[in-house]
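In the numbering used here, the protein residues as written are 3 to 260.
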């Protein structure tokens with residue numbers, strides 16, 4: 003138990019100090035994925051003790067290509083906290099990051115609680131009030147942004163900030179699999195993709211998360227925000243950079259860094 007708390011303190015201190023640290027598995031190479039999720043859970047509980055609260059869930063490794071690169075066969079999940087949410091168009095201070103990257107996502111906003119281990123994409127669409135354009139900023143605490151699967155899970159999946167656009171639409175009116183996306187950095191298109199990049203269907207990714215949470219008796223709550231996974235590769239940025247992501251039929255979302 004003390005060792006888990008030591009790892010939590012190690013990661014939280016790195017996050018607060020905005021400095022990169024050696025990955026956990028350097029000293030603990032036998033760390034299992036179950037132990038990594040235990041560290042993640044304790045890390046979130048520590049943040050709650052400090053006055054923050056959970057507002058949703060984020061998914062990672064929802065691209066088959068990324069899964070193959072990491073040598074895994076399923077996605078991962080982490081938690082969104084209230085202090086991670088930024089406003090559309092906000093100028094974020096670069097001093098608040100270590101080595102950040104931006105990636106386009108589709109956000110789901112839950113209209114009902116949902117829990118279980120056999121949830122389908124159709125179930126997710128039924129209980130989703132809105133989908134919205136989003137950008138996630140990931141910012142691993144690990145040196146050179148390099149880590150194992152266990153490391154990144156323990157670090158709450160590199161969570162940092164996220165921005166949601168102001169156009170919220172019922173998922174009944176959007177083909178989430180085919181929705182086209184382009185991301186501009188300093189007015190130049192740097193990545194393009196479609197919703198199908200997220201486990202074939204963003205709703206399927208959210209269903210996976212619910213089923214995974216259901217294995218430990220947890221689920222999603224009404225009002226939760228779910229980031230369903232990166233539609234394209236993540237793009238690094240620095241002070242002075244601007245990002246805009248445009249979604250067909252779903253509008254746009256942006257931020258800049260000062």
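The C-beta atom is built at its ideal place from N, Cα and C for all residues, glycine as well.
Residue 121, DSSP secondary structure in three states: coil
What are the complete beta strand (DSSP E) segments, minimum 3 residues, inside the segment 187 to 233? 190 to 196 and 227 to 229
Inter-stretch contact (C-beta, 8 angstroms, three-pair minimum) for the segment 69 to 85 and the segment 41 to 52: Yes, they touch.
Determine, using beta carbons only, whether residue 209 and residue 122 come nearer to each other than 7 angstroms. Cβ distance < 7 angstroms, so residue 209 and residue 122 count as in contact.
With residue 9 as the anchor, note down where its alpha helix (DSSP H) starts and where it stops. Where residue 9 is concerned, the enclosing alpha helix (DSSP H) stretches over 4 to 19.
What residues are listed by DSSP as bridge partners for residue 104? 139 and 237
Can you tell me whether DSSP reads residue 179 as helix, strand or coil? coil
Are residue 78 and residue 63 close, meaning C-beta to C-beta below 7 angstroms? yes
Please classify residue 164: does DSSP put it in a helix, a strand, or coil? strand
DSSP three-state call for residue 266: helix, strand or coil? Residue 266 falls outside the range modelled here, since the chain spans only 3 to 260, and no answer is possible.
Contact the segment 244 to 253 vs the segment 171 to 190: 3+ CB pairs below 8 angstroms: yes
Can you tell which of 219, 136 and 202 has the C-alpha that lies nearest to the C-alpha of residue 171? It is 136 whose Cα lies nearest to the Cα of residue 171.
DSSP-derived helix/strand/coil call for residue 37: helix
Count the other CB atoms, across all protein chains shown, that sit within 10 Å of the CB of residue 31; report buried if there are 16 or more and exposed otherwise. Residue 31 should be labelled exposed.
Below 7 angstroms between beta carbons: does that hold for residue 42 and residue 156? yes
Taking buried to mean at least 16 other C-beta atoms within 10 Å of its own C-beta, is residue 220 buried or exposed? Around the beta-carbon of residue 220, fewer than 16 other beta-carbon atoms lie within 10 Å, marking it exposed.
Cutoff 8 angstroms; reference residue 20; Cβ partners in own chain excluding five residues on either side: 97, 98, 99 and 100
May I ask you to verify whether the segment 68 to 77 touches the segment 132 to 146, counting CB pairs closer than 8 angstroms and requiring at least 3? no
For the alpha helix (DSSP H) holding residue 151, just list the boundary residues, first then last. 151 to 156
What separation, rounded to the nearest whole angstrom, lies between the Cα atoms of residue 247 and residue 195? 11 angstroms
Per DSSP, cross-strand counterpart(s) of residue 58: 82 and 227
Excluding the 5 residues flanking residue 228 on each side, which residues of the same chain have their C-beta closer than 6 angstroms to its C-beta? Take residue 228, set aside five residues on each side of it, and the residues of its chain with a beta-carbon closer than 6 angstroms to its own are 58, 59, 110 and 208, in chain order.
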